[in-house]
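In terms of the working numbering, the sequence shown opens at residue 179 and continues consecutively. Here's the structure, in structure tokens; my notes come after.
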Amino acid sequence: MNPPGPPDDPHAELAALVRDVRNGLAWRARGGAYAAPGGRTARPPAAPTDAAVSAPAPDLARVAPAAVAARAIEVAVDVEAPALGPARTLPVIREDLGECTRCKLSETRQKIVFGVGPALAPLMFIGEAPGADEDRQGEPFVGRAGELLDKMIEAMGWGRGDVYIANVLKCRPPGNRNPEPDEVAACRPFLDAQIQAVRPRIIVTLGRPAANVVLGNDAPISALRGRFHEHRGVRVMPTFHPAFLLRQPERKRDAWSDLKQVIAELERLGVAPPRPARG
Ligand code: SF4
């Protein structure tokens, strides 16, 4: 944010007021954009490009070759992300969250699932919301989908303890229903604060809802995955949610293609994995 102008500068004051109103509207739009059809498109769709898949991946790619999804319809919104306050540490953010009752999911959750990982992680994975296993244990991605996510991370040369893992929502929607816009709007500031604290070099969003919230659009995952986007200066790679991959294992090859781009981009940024990536 720009610093406010001097008190005797009416133009600066007016500009600051307009900026604040715009940020407020953007905040509401982003909360509503989660489920609302028809987000604003700032740029016309780009021509589709091929999703490059080269070497097969271990574990992840033990599937029949799948047709590569046509993709890359570029959808972007010109909505500004809400203004951030000063960065806080993860323990302070958790303390601020407290025994949160900011939305109705507090009435049905068992445990808040805040997030796990080191304070400064080069790689951050963001899912949608806790499921039943996570709700019981208070940790993200611990069920079957979590086991697959662990394999995905390990195939990249990292370990679960090396990366930060969080969800958009910190409480489980009952019956695993879709989160509602007011719930996303209530919880989103904590995800923003986590991203600000962790300062990842790359974010991998898992599934469409997480991608839509982080990127502020309502595009389908097939139009988002396979290429980098940007969120507040951080590269974002949307890919499939592990739970989806368990249901449709033939898409693991596509997911691995996305993750290989992440490996290459980290390398370009000078971030080496603790172990060599497989595949
Ligand atoms: S989902 Fe987020 S905002 Fe809602 S009660 Fe849980 S922690 Fe609070």
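The C-beta atom is built at its ideal place from N, Cα and C for all residues, glycine as well. These numbers were taken from a predicted model, which means no experiment stands behind them.
- CA-CA distance, L393 to G404, rounds to 14 Å.
- Collapsing the DSSP output to three states places A344 in a strand.
- Collapsing the DSSP output to three states places E408 in a strand.
- Note that the C-beta distance between A375 and R266 is below 8 Å.
- Bounds of the alpha helix (DSSP H) holding M330 are 322-333.
- With 16 or more other CB atoms across the displayed protein chains lying within 10 angstroms of its CB, Q372 is buried.
- Placement of the Cβ of R322 at a distance of 7 Å or more from every heavy atom of ligand 1 is found.
- With respect to the C-alpha of L326, the residue from P427, P300, E285 having the closest C-alpha is P427.
- In this chain, the beta strand (DSSP E) harbouring L384 covers 380-384.
- When DSSP states are grouped into helix, strand and coil, P367 belongs to the helix group.
- With a cut-off of 7 Å, the C-beta of K348 is classified as near ligand 1, since at least one heavy atom of the ligand falls inside that distance.
- As the crow flies, the alpha-carbon of L447 is around 22 Å from that of D370.
- I271 sits in a helix when the DSSP states are folded into three classes.
- Per DSSP, F422 is one residue of the alpha helix (DSSP H) stretching across 420-425.
- Taking a contact to require three or more Cβ pairs closer than 8 Å, the segment 395-413 and the segment 331-345 do not qualify as touching.
- Excluding residues up to 5 positions away in sequence, A389, P416 lie with their Cβ nearer than 6 Å to the Cβ of L402 in the same chain.
- The C-beta of T286 has fewer than 16 other C-beta atoms within 10 Å across all chains shown, which makes the residue exposed.
- Between ligand 1 and R280, a heavy atom-to-CB distance of less than 7 Å is present.
- DSSP, reduced to helix, strand and coil, places V414 within a strand of the structure shown.
- If you check the C-beta of L369 against ligand 1, you find no heavy atom less than 7 Å away.
- Straight through space, the alpha carbons of P367 and L444 are spaced by roughly 26 Å.
- From the listed residues V449, V391, P269, F418, the smallest Cα separation to V294 is found for P269.
- Within its own chain, the residues whose Cβ lies closer than 8 Å to the Cβ of I290, once the five positions on either side in sequence are excluded, are L275, E277, C278, G316, K348, C349, listed in chain order.
- Under the three-state reduction of DSSP, L301 is assigned to strand.
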